[in-house]
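Here is the structure we will look at, set down as C-alpha cells.
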Amino acid sequence: MNRKVKVGVIGVGRGSSMMNYCKLAQNAELVAVCDKWEEGLKLREREWGDAVAYYTDYDEFLKHDMDAVVLANYANEHAPFAVKAMRAGKHVLSEVLPVQTMKEAVELIEAVEETGRIYAYAENYCYMPAPREMRRLYREGKIGEFEYGEGEYVHNCESIWPEITYGEKDHWRNGMYSTFYCTHSMGPIIHITGLRPVRVTGFEGTKIERNLRMGAKGGAFGMEMVELENGGIVKSIHGGLYKNSIWYTVYGSKGRMESAREDAEAGDVHQVYINADAYSGEYGPNKVDAYKVPAQFPELEEKMGHGGSDVYTMYHFIEKIKGNEEADVIDVYEALDMFLPGLFAYRSILAGGIPMEIPNLRDKAVREQYRNDTACTDPKAAGDMLQPNFSKGNVEIDDSVYDLIREKWLVKLAEQEK
Ligand SMILES: NC(=O)c1ccc[n+]([C@@H]2O[C@H](COP(=O)([O-])OP(=O)(O)OC[C@H]3O[C@@H](n4cnc5c(N)ncnc54)[C@H](O)[C@@H]3O)[C@@H](O)[C@H]2O)c1
Numbered sequence: 533m534n535r536k537v538k539v540g541v542i543g544v545g546r547g548s549s550m551m552n553y554c555k556l557a558q559n560a561e562l563v564a565v566c567d568k569w570e571e572g573l574k575l576r577e578r579e580w581g582d583a584v585a586y587y588t589d590y591d592e593f594l595k596h597d598m599d600a601v602v603l604a605n606y607a608n609e610h611a612p613f614a615v616k617a618m619r620a621g622k623h624v625l626s627e628v629l630p631v632q633t634m635k636e637a638v639e640l641i642e643a644v645e646e647t648g649r650i651y652a653y654a655e656n657y658c659y660m661p662a663p664r665e666m667r668r669l670y671r672e673g674k675i676g677e678f679e680y681g682e683g684e685y686v687h688n689c690e691s692i693w694p695e696i697t698y699g700e701k702d703h704w705r706n707g708m709y710s711t712f713y714c715t716h717s718m719g720p721i722i723h724i725t726g727l728r729p730v731r732v733t734g735f736e737g738t739k740i741e742r743n744l745r746m747g748a749k750g751g752a753f754g755m756e757m758v759e760l761e762n763g764g765i766v767k768s769i770h771g772g773l774y775k776n777s778i779w780y781t782v783y784g785s786k787g788r789m790e791s792a793r794e795d796a797e798a799g800d801v802h803q804v805y806i807n808a809d810a811y812s813g814e815y816g817p818n819k820v821d822a823y824k825v826p827a828q829f830p831e832l833e834e835k836m837g838h839g840g841s842d843v844y845t846m847y848h849f850i851e852k853i854k855g856n857e858e859a860d861v862i863d864v865y866e867a868l869d870m871f872l873p874g875l876f877a878y879r880s881i882l883a884g885g886i887p888m889e890i891p892n893l894r895d896k897a898v899r900e901q902y903r904n905d906t907a908c909t910d911p912k913a914a915g916d917m918l919q920p921n922f923s924k925g926n927v928e929i930d931d932s933v934y935d936l937i938r939e940k941w942l943v944k945l946a947e948q949e950k
C-alpha cells in the first residue's frame, strides 16, 4: 500500500494517543473517531475539526471507509469489538487486555484466522527502551537460554482514579480481579524470549484501605509465578502497591540483562545493564555494560507517552498493514500468551493456590474445551460462571465513595473543557 493507512479510533481517552500518532507520523491518517460519551467526542472535534468523522455508535462507525480500527474502549470489552471489526473487513489494533473470558479467546482467534485481517495487540511496555533492547540482545544470544525473569508494573492510581473511573461504580477498573491487568508485567518477558507460558500459580494482594477509598473491589495487586515451555520461571507483579515501579530483569544461561530501578534514579526503563559472559562457565570478573537505549524515532517519542513506547505499537501495526516484513507486531497468539497467565492465575487463587495449566489455543482441539467458558468477574459476560471480584469474597463499598470520586472527576472535566 503506497498511500497512508486510514485509521478509525474508538475511545477518546487513551485513544487520543493513537490519534496523535496519526498527526505526527507519515504512514497513517485519522479518518474517524467513535465514542458513546458525547462530551468527550466534542473535545476531540475541537481539536480535529472537519478532517475527521465522528460517531457515537460503533456499528455506524464500522461502515466508515477506513482500513484499520484502534480499540481503546473498555479493557474488558475488546474481544467482541475486535471480532466485529475484523468481520467488517478492518485490521485491528487492540489496547490491553485482549479478552476477558476463554470463550472470547476462542472467538477472537477464529475471527483472525477466518478473516485473514491483521490483529495486533498494543502491549506498549514491550517497546519501552530497555525491554526493546533486551529482546534484540536475547535474540542475538547475548545471555544464552532463558532461566528466570521478573516483570513489574506497579502503579498506585489513587490520585488519578477520578479521571479514569469517573465515579462509575461498575467501571471495569473497579470490578477487575487482581491478576487481570497482567500484560504490562508479563508481556515484555514473553516478547523478549518468545517462549510460551505453560503453568501458573497466582497470588493476590489483600483488600486495603486505599482500594476501599477508591471503590476498587479487587485485591490491591496481583502476582503470577509462571513456568515457560523451556522450564524457565517468571515472576510477574502488577497493581496498586504504594510506590510505583516499572522494571524488568532476565537471567539466561550465560548472563543477565535488566533495566534500572526507579529509586536508583539512573534512567529507569531507558537504561539497560548487561552482565554476560562469552560462554556458559566462563566465570571471569563481572563486566557490566550499561547504557541508555537510543530511541528509534527520537522526535516522535519525545511527543508521545510511556517512555516513547506508544509510538511503536502504532508504527509496527501500520507498517504491517503496508506489507513491511520487518514489522514487529504482537499477534493474537502472543497476546494470549501474555494474558492467559493472569486469567489462570485467578483460577489458581480461587482454588486456594494450586497451579493451573495454561492452554495453547493454537491447537484447535484444545479450543473445544473452552468454547463455552465464560468465567470472569463481569456480570455482563459471565452468565452463570460469575467469579467474585476478590478471592476472599466480595466487599461492600458504599455508594458515597463513588459519589465523591464523581465530584472530583467533574471538577477535573470542567478544567479540561476551559
Ligand atoms: N497501554 C497503556 O499504557 C494504556 C494506558 C491507559 C489505558 N489503556 C487502555 O486503554 C483503554 C481505554 O482506557 P481509558 O483509560 O481511556 O478509559 P475507559 O476504559 O474508561 O474508556 C473507554 C472509552 O471508550 C468509550 N466506550 C466504551 N464503550 C463504548 C461503546 N460501546 N461505544 C462507543 N464508545 C465506547 C467510553 O465512553 C470511554 O470514553 C483500556 O483498554 C485501557 O486498558 C492502556
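Residue numbers are given in the working numbering: position 275 of the sequence shown equals residue 807, and the series is strictly consecutive.
Cβ atoms here follow ideal geometry from the backbone N, Cα and C, with glycine treated the same way.
Sequence-distant residues of its chain with Cβ nearer than 6 angstroms to residue i (five each side left out)
i, result
"Arg728", "Glu761, Asp869"
"Glu636", "Ala611"
"Met508", "Residue 508 is absent from the model: the chain starts at 533 and stops at 950."
"Met550", "Val541, Val602, Met846"
"Ile641", "Val864, Leu893"
"Ile721", "Gly681, Gly683, Val766"
"Tyr659", "Ser841, Tyr844"
"Val631", "Ala611, Ala637, Leu640"
"Val730", "Glu759, Glu761, Ile890"
"Lys568", "Thr588"
"Asn743", "Ala752"
Residue(s) in a DSSP beta bridge with residue i
i, result
"Arg788", "Tyr783, Asn807"
"Leu918", "Cys908"
"Arg731", "Glu759, Glu889"
"Ala652", "Leu625"
"Val565", "Val541, Tyr586"
"Glu969", "No statement about residue 969 is possible, as the shown extent of the chain runs from 533 to 950 and does not include it."
"Ile850", "According to DSSP, which records beta bridges pairwise, Ile850 is partnered with nothing at all."
"Lys767", "Glu682, Met757"
"Ser777", "Val686"
"Ala560", "Val537"
Sub-8 angstroms separation of residue i and residue j beta-carbons
i, j, result
"Pro661", "Val801", "yes"
"Pro663", "Glu756", "no"
"His596", "Ala564", "yes"
"Met836", "Asn552", "yes"
"His770", "Gly750", "no"
"Phe871", "Thr715", "yes"
"Gly707", "Asn926", "no"
"Gly784", "Glu928", "no"
"Ala607", "Leu629", "yes"
"Tyr698", "Trp941", "yes"
"Glu655", "Gly719", "yes"
"Thr633", "Asp905", "yes"
"Ala827", "Gly816", "no"
"Ser791", "Tyr780", "yes"
"Trp693", "Ile937", "yes"
"Tyr657", "Tyr685", "yes"
"Ala604", "Gly547", "yes"
"Gly747", "Val933", "yes"
"Val544", "Leu573", "yes"
Neighbourhood of residue i by C-beta distance below 7 angstroms, restricted to the same chain and skipping five residues each side
i, result
"Ile696", "Cys689, Arg705"
"Val537", "Asn559, Ala560, Asp599, Ala600, Ile850, Ile853, Lys854"
"Ile724", "Pro663, Met666, Arg667, Tyr670, Val782"
"Pro911", "Leu918"
"Tyr811", "Lys786"
"Asp809", "Lys786, Gly787, Gly816"
Contacts around residue i, its chain only, beta-carbon distance under 8 angstroms, and the 5 residues preceding and following it disregarded
i, result
"Arg619", "Ala643, Thr647"
"Lys622", "Gly540, Leu594, Met598, Asp599, Ala600, Val601, Arg649"
"Gln901", "Pro891"
- Taking only runs of the alpha helix (DSSP H) that begin and end inside the segment 792–847, which ones reach a length of at least 4 residues, in chain order? Complete alpha helix (DSSP H) runs here, min 4: 830–835.
- Along the chain, which unbroken stretches of the alpha helix (DSSP H) at least 4 residues long are found entirely within the segment 571–635? At a cut-off of 4 residues, the continuous stretches assigned as alpha helix (DSSP H) that sit fully inside the segment 571–635 are 590–594, 610–619.
- Task: May I have a chain-ordered list of the alpha helix (DSSP H) segments no shorter than 4 residues that lie completely inside the segment 670–716?
- Result: Listed in chain order, they are 693–697, 704–707.
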